[in-house]
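Student:
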Amino acid sequence: MSRTVEGQTDMTAPVQAAYSYCEAVTGAQARNFAYGIRLLPTEKRQAMSALYAFSRRVDDIGDGALAMDAKHDRLESTRGLLDRIRRGAVDEDDTDPVAVALADAARRFPIPLDGLDELIDGVLMDVHGETYETWDDLKVYCRCVAGAIGRLSLGVFGTQPGAPGAERAAEYADTLGLALQLTNILRDVREDAASGRVYLPGDDLAKFGCSDGFRTATPAPGADFTGLVHFEVRRARALFAEGYRLLPMLDRRSGACVAAMAGIYRRLLDRIERDPEAVLRGRVSLPGREKAYVAVRGLSGLDARTMSRQTIRRRG
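In this note's numbering, the protein residues as written are 215 to 530.
1. Which residues in the same chain have their Cβ closer than 8 Å to the Cβ of Ala-492, if we skip the five residues on either side of it in sequence?
2. Beta-carbon separation of Leu-330 and Phe-247 under 9 Å?
3. When DSSP builds the beta bridges, which residues end up paired with Met-282?
4. Return the chain-ordered list of same chain residues with a C-beta closer than 7 Å to the C-beta of Gln-374, the five sequence neighbours on each side being excluded.
5. Please name the residue, chosen from Gln-243, Arg-467, Arg-481, Trp-349, that lies closest to Val-370 on a Cα-to-Cα basis.
6. Would you say the stretch 447-464 touches the stretch 378-390, given that touching needs at least three Cβ pairs under 8 Å?
7. Can you list, in chain order, the stretches of the alpha helix (DSSP H) that have 4 or more residues and sit fully within the stretch 329-411?
8. With three or more C-beta pairs closer than 8 Å as the rule, is the stretch 406-413 touching the stretch 422-436?
9. Counting C-beta neighbours from all protein chains within 10 Å, is the total for Arg-321 16 or more, i.e. buried, or is it exposed?
10. Is it right to say Thr-180 is buried, meaning 16 or more other beta carbons lie within 10 angstroms of its own, or is it exposed?
11. Would the beta-carbon of Leu-419 fall within 9 Å of that of Cys-356?
12. Spell out a yes or no on whether the stretch 249-263 and the stretch 299-311 are touching, meaning 3 or more CB-CB pairs, one atom from each, closer than 8 Å.
13. Looking only at its chain, what residues have a beta carbon closer than 8 Å to the beta carbon of His-286, apart from the 5 residues adjacent to it on each side?
14. With 16 other CB atoms within 10 Å as the buried threshold, where does Tyr-266 fall?
15. Where does Asp-224 fall in DSSP's three states?
16. Decide if Ala-238 is buried, meaning its Cβ has at least 16 other Cβ atoms within 10 Å, or exposed.
17. How would you call Glu-347, buried or exposed, if buried means at least 16 neighbouring beta carbons within 10 angstroms?
18. Could you compute how far the alpha carbon of Cys-358 sits from the alpha carbon of Phe-454?
19. Tell me which residues share the same chain as Thr-440 and place their Cβ nearer than 6 Å to its Cβ, disregarding the 5 neighbours each side in the sequence.
20. I need the straight-line Cα distance from Gly-416 to Phe-422, nearest angstrom please.
21. Find the nearest neighbour of Leu-390 within the set Gly-502, Arg-288, Ala-474, judged by alpha-carbon distance.
22. Roughly how many angstroms lie between the CA atoms of Gln-243 and Asp-328, to the nearest whole one?
23. Could you tell me if Glu-504 is buried or exposed, where buried requires 16 or more neighbouring beta carbons within 10 angstroms of its beta carbon?
24. Please classify Leu-453: does DSSP put it in a helix, a strand, or coil?
25. Using only the alpha-carbon positions, how far apart do Leu-591 and Val-472 sit?
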């Protein structure tokens, strides 16, 4: 599907077209991740776009309007496509551009494709209406839908030769995924409640008097919603601090990509912490200019150095 000549990838037209399709999907739908992905060199950017497009397809099935049985069938069919990619049974003549691009990316990078099986497992949890009583329960879900994406991405990024602690890189990538997912859960509590989904652990909801849920723009009488949010924010910050240990192990542009994506979510977390009830009134987001600023800081290494210093202080 592609061949390497003197260190350069000579890509066939169908494969290039497949990557272009995936990059278009990423640019149109990856509201936060696209800012980091743009900082990567071409081959890594293309591979990350293929991963995103496949993941987006899985998420869209879970969030779509199909009946539960139909969603289950579509997800298992997607798992079958993933198995074909894993077996090398997808070539450039396949009519599915996402499959063509992901198959080529898997040939060029050591991507642990089993992580996409985990993503499908996580979306099936959504389809079946799983709820989570404890943080340990929720971590299982977060590792499927976000930690796995961190480990898949690490397959594209790679680690720098001789980087200290590189044997734990996958663990840190997984933990950073958990931090991003918990931030997503806080941001989307009202939207998820409207869809009948509750992700925050049941014992946390009970502790802060929030077991009645989040279907209105104000907390239920007697609920300590601010306390609940601040409790989860502290948990997310601890996960970010642990996950940031990955950054020194990456090359400059891969590190910039991760720093940009993490930086955007950290700023979202800051906004949520300052005004917890904002998440009940609507979706908390950053303007595009602020996301671009975070990306520039990531490319310059400023956010990476800041994150590393914060991690060192916490460890000390």
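Backbone N, C-alpha and C define an ideal beta-carbon position, used for all residues, glycine too.
Tutor: The relevant details are as follows:
1. Here residue 492 refers to the residue found at position 278 when the sequence shown is read from its first residue. So the qualifying residues of the chain are Arg-485, Ile-486, Val-498.
2. Here the question's residue 330 lines up with position 116 in the sequence shown. Here the question's residue 247 lines up with position 33 in the sequence shown. Result no, Cβ atoms of Leu-330 and Phe-247 do not sit closer than 9 Å.
3. Sequence index remark: in the sequence shown, residue 282 carries index 68 (1-based). The partner list for Met-282 (beta bridge, DSSP) is empty, contrary to what the question assumes.
4. Here the question's residue 374 lines up with position 160 in the sequence shown. Same-chain partners within the cutoff: Met-463, Leu-464, Asp-465.
5. Position 156 of the sequence shown, counted from the start, is the residue given in the question as residue 370. Closest by alpha carbon: Arg-467.
6. yes
7. 349-356, 362-371, 383-401, 403-408
8. yes
9. Within the sequence shown, the letter at position 107 stands for residue 321. It counts as exposed.
10. In this structure the chain extends from 215 to 530, so residue 180 is not present and cannot be described.
11. What you label residue 419 is simply residue 205 of the sequence shown in a count that begins at 1. What you label residue 356 is simply residue 142 of the sequence shown in a count that begins at 1. The answer is no: Cβ separation not under 9 Å.
12. no
13. As a first step, residue 286 is located in the sequence shown; it is residue number 72 there, counting from the start. Closer than 8 Å at Cβ, skipping near neighbours: Leu-338, Val-341.
14. To locate residue 266, count along the sequence shown from 1; it is residue 52. It counts as buried.
15. By 1-based counting over the sequence shown, the position of residue 224 is 10. Three-state result, Asp-224: strand.
16. Counting from one through the sequence shown, the residue named residue 238 turns up at place 24. Exposed, because fewer than 16 other Cβ atoms sit within 10 Å of the Cβ of Ala-238.
17. Here the question's residue 347 lines up with position 133 in the sequence shown. With fewer than 16 other Cβ atoms within 10 Å, it is exposed.
18. Looking up residue 358 in the sequence shown gives position 144. Looking up residue 454 in the sequence shown gives position 240. Going from the Cα of Cys-358 to the Cα of Phe-454 covers about 18 Å.
19. Stepping through the sequence shown from its first residue, residue 440 is reached at position 226. Excluding positions up to five away in sequence, the list reads Pro-490.
20. In the sequence shown, residue 416 corresponds to position 202, counting from 1. In the sequence shown, residue 422 corresponds to position 208, counting from 1. Taking the straight line from one Cα to the other gives about 10 Å.
21. As a first step, residue 390 must be located in the sequence shown, where it is residue number 176. Nearest of Gly-502, Arg-288, Ala-474 to Leu-390, Cα basis: Ala-474.
22. Looking up residue 243 in the sequence shown gives position 29. Looking up residue 328 in the sequence shown gives position 114. Straight-line Cα distance between these residues: approximately 24 Å.
23. In the sequence shown, residue 504 corresponds to position 290, counting from 1. Classification for Glu-504: exposed.
24. Here residue 453 refers to the residue found at position 239 of the sequence shown. In the structure shown, Leu-453 sits in a helix (DSSP, three-state: H, G or I).
25. With the chain covering only 215 through 530, there is no way to say anything about residue 591.
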